[in-house]
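**Q** One structure is given below, represented as structure tokens, and several questions about it will come after.
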Amino acid sequence: MRAIGMAERTLDVMIARVTDPSRRTFGRVLARHGTVASDVAKMRIEINASRLMVLSAADKIDKFNAKGALRDIAMAKIMVPQMLQRVIDLAIQAHGAAGVSQDFPLARFYAGARTLRIADGPDEVHTMQLARFELMRGDDIRARDEAIKARRAQIRDNGSKL
Numbered sequence: 011m012r013a014i015g016m017a018e019r020t021l022d023v024m025i026a027r028v029t030d031p032s033r034r035t036f037g038r039v040l041a042r043h044g045t046v047a048s049d050v051a052k053m054r055i056e057i058n059a060s061r062l063m064v065l066s067a068a069d070k071i072d073k074f075n076a077k078g079a080l081r082d083i084a085m086a087k088i089m090v091p092q093m094l095q096r097v098i099d100l101a102i103q104a105h106g107a108a109g110v111s112q113d114f115p116l117a118r119f120y121a122g123a124r125t126l127r128i129a130d131g132p133d134e135v136h137t138m139q140l141a142r143f144e145l146m147r148g149d150d151i152r153a154r155d156e157a158i159k160a161r162r163a164q165i166r167d168n169g170s171k172l
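Count along the sequence shown starting at 1, add 10, and that's the number in my numbering.
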């Protein structure tokens, strides 16, 4: 959840910058440029989606313990740090050269976000873990598909329409 908080703070810093009336390009406040406004919207969507992913994982931990929530934990550990890095990158872009200076917290945030993607286990490890969980469902999926085919055939043989 700390990463979500850092992403929220990053969005706040960006909004403050792009809505500042003293910051203008081509005669308009930065927020009036379509790409900047679009970036703000994308950031909000990604932050909210990540928050919901974390809350879903936490809910499953509460209900089924950590072992029962491994799939959701892996997804959150992949999604949230990547989202944070993208959000910070967009904010740095909107700040221009000031974004990588010590005048704003963005450079420090970026270093922390990149470190998080390594310290909590590399994305590749979590991705492989998630892939294993998903691929284990293969037998169940094939069995379900066969049951559906058999039921359809049974309905057709009885003269009913699907």
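The beta-carbon is built from N, C-alpha and C at its ideal position, and this holds for glycine as well. In this text, all values refer to a predicted model and were calculated from it rather than measured experimentally.
Is P31 near the ligand SAH, going by C-beta to nearest heavy atom under 6 Å?
**A** Absence of the ligand SAH is noted for the structure shown, with no ligands found whatsoever.
**Q** Is R162 helix, strand or coil by DSSP?
**A** If DSSP states are grouped into helix, strand and coil, R162 belongs with the helices.
**Q** Which same chain residues end up closer than 6 Å to M93 when comparing Cβ atoms and leaving out the 5 residues on each side of it in sequence?
**A** Taken in chain order, the residues that qualify are E56 and S60.
**Q** With distances taken from CA atoms, which of A79, A129 and A141 is nearest A13?
**A** For the residues A79, A129 and A141, the minimum Cα distance to A13 belongs to A129.
**Q** Candidates G78, R162 and D22: which alpha carbon is nearest A51's?
**A** Closest by alpha carbon: D22.
**Q** Applying the 10 Å Cβ sphere with the 16-neighbour rule, what's the burial state of I158?
**A** With fewer than 16 other Cβ atoms within 10 Å, it is exposed.
**Q** Run through the stretch 53 to 115 for me and flag every whole alpha helix (DSSP H) of 4 or more residues, listed as ranges in chain order.
**A** Here the runs fully enclosed are 80 to 105.
**Q** Using the C-alpha atoms, what's the distance from A79 back to D72?
**A** Taking the straight line from one Cα to the other gives about 9 Å.
**Q** Report all residues from its chain with a CB closer than 6 Å to the CB of M24; omit the five preceding and five following residues, and keep chain order.
**A** Closer than 6 Å at Cβ, skipping near neighbours: A101 and A104.
**Q** Per DSSP, T35 is paired with what?
**A** BP columns for T35 point to R38.
**Q** Give a yes or no on whether the C-beta atoms belonging to Q84 and L140 are separated by under 7 Å.
**A** Reading off the sequence, residue 84 comes out as Ala, not Gln. Going by C-beta atoms, A84 is nearer than 7 Å to L140.
**Q** Whole angstroms are fine: how far does the CA of D149 sit from the CA of A17?
**A** Taking the straight line from one Cα to the other gives about 39 Å.
**Q** Quick check on D30: does DSSP put it in helix, strand or coil?
**A** If DSSP states are grouped into helix, strand and coil, D30 belongs with coil.
**Q** Out of curiosity, what's the CA-to-CA distance linking I98 and M138?
**A** Going by the C-alpha atoms only, they are around 26 Å apart.
**Q** Roughly how many angstroms lie between the CA atoms of A117 and M89, to the nearest whole one?
**A** Near 21 Å, if we compare the C-alpha coordinates of M89 and A117.
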